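Engineer: Sending over a structure as structure tokens; questions will come in a sec.
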Amino acid sequence: MNGLLQASGIPRKLSGKVALITGGTSGIGAATADLFAAEGADVVITGRRAGLGQEKVEALCKYGVQAAYVQADHTRLEDCEHAITETIRLLGRIDILFNNAGIVMEGNAENTSEEDWDSVMNLNVTAVWRMSRLALPYMRAQGGGVIVNNASDWGMVGAENALAYAVSKAAVVQMTRCMALDLAAGNIRVNAVCPGDTFVLRWLEKGYFEASDPVTLEQAKVDAAAGLPMKRFGQPEEIAHAVLFLASTDSSFMTGQTLVVDGGNTAR
Ligand code: NAD
């Protein structure tokens, strides 16, 4: 991929940049890591699963860039600090921070437990602020940087039986606006991507689909997406392209915005 892009003379959008992606071992984070590496960025991914992390790093290095995995549970302050200092130690700078790690919990106001509420808020909200706060001194010292937060279409509209999650993602949207205003004069842009339903392997692990073979799974996905405007779920790669747009100079005059990538779901 690296050689092909260079040989064709197409400039790579992230050459010379260092990107830190939280939760980069699977789903949208992993797809974004691939796209960033294909576009020439050196990439650090974090996550809790060391085996998956090392496998992903090997795949990223095939793009001819530097890549590293740092084990981190982003609900822990010391792990967040470690992720930032390791990125600086290994690659010397942080140009792009993609705050991607997040969890979803089902539940309404009556049956959401204190524990579930805290888990969702600690990761989906506090870790986004915390990772940004820790990266900012380096971005300021470099003269600029870009933060992209992974919110959700459920941060833009009401959601049923996903109270803590939807509230957490609305907080990310508002955090994006507030941080963008505080940082705009410092040449640091902050934007959010709001994916709609995007099929990731985690959905299988969570048992959202009962499918014994690929054909049955495809049919189950078609059935489950029948109520969506485009009659299908998004793919992680489709979200990654929006993240690339927000992370690159293609969006150089954009800050404090939310880019909704949901196949039209919130247009109704
Ligand atoms: P995913 O489960 O594949 O990815 C989440 C990643 O976060 C995983 O790599 C996971 O290991 C990591 N993670 C979870 N808890 C962590 C912790 N405490 N510390 C460090 N890493 C942790 O699912 P995904 O759909 O790719 O989710 C990525 C982001 O996209 C999330 O913020 C999610 O809310 C958001 N999102 C997803 C969808 C969708 O339909 N898939 C829609 C809207 C928003």
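All residue numbers in the sequence shown are consecutive under this note's numbering, ending with 299. Beta carbons: idealized from backbone N, C-alpha and C, even for Gly. Every value quoted in this text rests on a predicted model; they were computed, and no experiment measured them.
1. Thinking C-beta only, is G265 closer than 9 Å to D228?
2. Given that a residue counts as buried once 16 or more other Cβ atoms are within 10 Å of its Cβ, and exposed if not, what is N142?
3. Would you mind stating whether G47 and G84 have Cβ atoms separated by less than 9 Å?
4. Kindly indicate the opening and closing residues of the beta strand (DSSP E) around Y100.
5. Considering only residues of the region 154-187, which uninterrupted alpha helix (DSSP H) runs meet the minimum length of 4 residues and lie entirely inside it, listed in chain order?
6. For A50, which residues from the same chain have a beta carbon less than 6 Å from its beta carbon, with the 5 sequence-adjacent residues on both sides left out?
7. What are the start and end residues of the alpha helix (DSSP H) that includes V204?
8. Should I76 and K87 be called a contact, given that it needs their Cβ atoms to be closer than 9 Å?
9. So, is T280 buried or exposed, given that buried needs 16 or more other C-beta atoms within 10 angstroms?
10. Could you round the C-beta distance between C225 and D184 to whole angstroms and report it? I think they count as a contact, below 8 Å.
11. R161 and L108 - do their beta-carbons sit closer together than 9 Å?
12. According to DSSP, is D73 part of a helix, a strand, or is it coil?
13. Please classify T53: does DSSP put it in a helix, a strand, or coil?
14. With a threshold of 8 Å (Cβ to nearest heavy atom), would K252 be considered close to the ligand SAM?
Structural biologist: Looking at the atomic coordinates:
1. Yes, the Cβ-Cβ distance between D228 and G265 is below 9 Å.
2. exposed
3. G47 places its beta carbon 9 Å or farther from that of G84.
4. That run of the beta strand (DSSP E) goes A98 to Q102.
5. 158-173
6. Non-local C-beta neighbours of A50 in its own chain, meaning closer than 6 Å and more than five positions away in sequence, comprise F67, A72, V74 and I127, ordered along the chain.
7. L194 to L214
8. yes
9. exposed
10. Rounded, the Cβ-Cβ distance is 5 Å, consistent with contact.
11. A contact, by the Cβ cut-off of 9 Å.
12. strand
13. coil
14. Questions concerning the ligand SAM fall outside what the structure shown contains, since the ligands it does hold are the ligand NAD.
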